[in-house]
Amino acid sequence: MAFTLKAVKVPANSISLEEARVRMFDFFRSSCRSIPSVMEIYNLQDVVTPSQLRSTIASEIRKNSTVTNPKVIDLLLFKGMEELNNITEHAKQRHHIIGQYVLWSARSCAGFGYQR
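Whatever position you read off the sequence shown (first residue = 1), add 122 for the numbering used here.
In structure tokens form, the structure reads like this:
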């Protein structure tokens with residue numbers, strides 16, 4: 123079973139914290155723009171709304187808001203881009219998306235103290 127990397131593009135290293143911050147905001151925008159197609163691909167309309175997915179993405183990004191090293195931010199950005207690429211290319215199944223992004227956000231919002 124051969125796996126080829128098609129569209130995973132390694133971003134250039136950020137020189138400053140501000141540049142890394144701008145790249146993170148660009149990634150957040152592109153993630154939010156892909157939400158309608160992700161909802162259509164995985165048929166998530168009956169489970170979650172686009173605003174709930176958007177807030178889940180925002181909370182995942184905010185988890186690492188204390189990171190100040192541009193190299194670490196670049197690494198996290200690369201991981202996020204890889205995850206988004208896997209989701210948009212349908213490399214995951216529906217229950218993976220629901221378990222990781224829908225149920226996780228519902229548990230954390232309901233105050234169950236769920237931690238990954």
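By construction, the Cβ of each residue, glycine as well, lies at the ideal position given by its N, Cα and C atoms.
Proximity winner among the options, relative to residue i (alpha-carbon distances)
i, options, result
"Phe-200", "Ser-138, Arg-145, Glu-141", "Arg-145"
"Ser-173", "Glu-141, Arg-155, Ala-213", "Arg-155"
"Asn-135", "Leu-198, His-217, His-212", "Leu-198"
"Glu-140", "Gln-222, Val-170, Thr-190", "Thr-190"
"His-217", "Ile-157, Tyr-164, Arg-143", "Tyr-164"
"Arg-143", "Val-194, Met-161, Thr-171", "Val-194"
Same chain only: Cβ atoms within 8 Å of residue i, ignoring 5 sequence neighbours per side
i, result
"Phe-253", "For the chain, the structure presents residues 123 to 238; residue 253 sits outside this window and is missing."
"Ile-65", "Since the first residue shown for the chain is 123 and the last is 238, residue 65 is missing from the structure and cannot be characterised."
"Met-123", "Caution applies to Met-123, whose pLDDT of 40 falls short of 50 and renders its modelled position unreliable; the value that the coordinates give is listed next. Nothing listed; no residue qualifies."
C-alpha distance - residue i paired with residue j, whole-angstrom precision
i, j, result
"Gln-215", "Pro-192", "33 Å"
"Leu-166", "Leu-225", "12 Å"
"Asp-196", "Asp-148", "13 Å"
"Ser-187", "Ser-159", "27 Å"
"Thr-126", "Ser-153", "Because Thr-126 sits at a pLDDT of 48, beneath the cut-off of 50, its placement in the model cannot be relied upon, and the point is left open."
"Met-161", "Leu-206", "13 Å"
"Gly-202", "Thr-210", "12 Å"
Residue i beta carbon near the ligand FAD (any heavy atom closer than 8 Å)
i, result
"Leu-206", "This structure lacks the ligand FAD, and indeed carries no ligand of any kind."
Contacts around residue i, its chain only, beta-carbon distance under 7 Å, and the 5 residues preceding and following it disregarded
i, result
"Asn-208", "Lys-214"
"Ile-220", "Val-169"
"His-212", "Ile-163"
"Lys-185", "none"
Residues near residue i in its chain [Cβ-Cβ closer than 6 Å; skip 5 each side]
i, result
"Tyr-223", "Thr-178"
"Leu-175", "Ile-157"
"Thr-171", "none"
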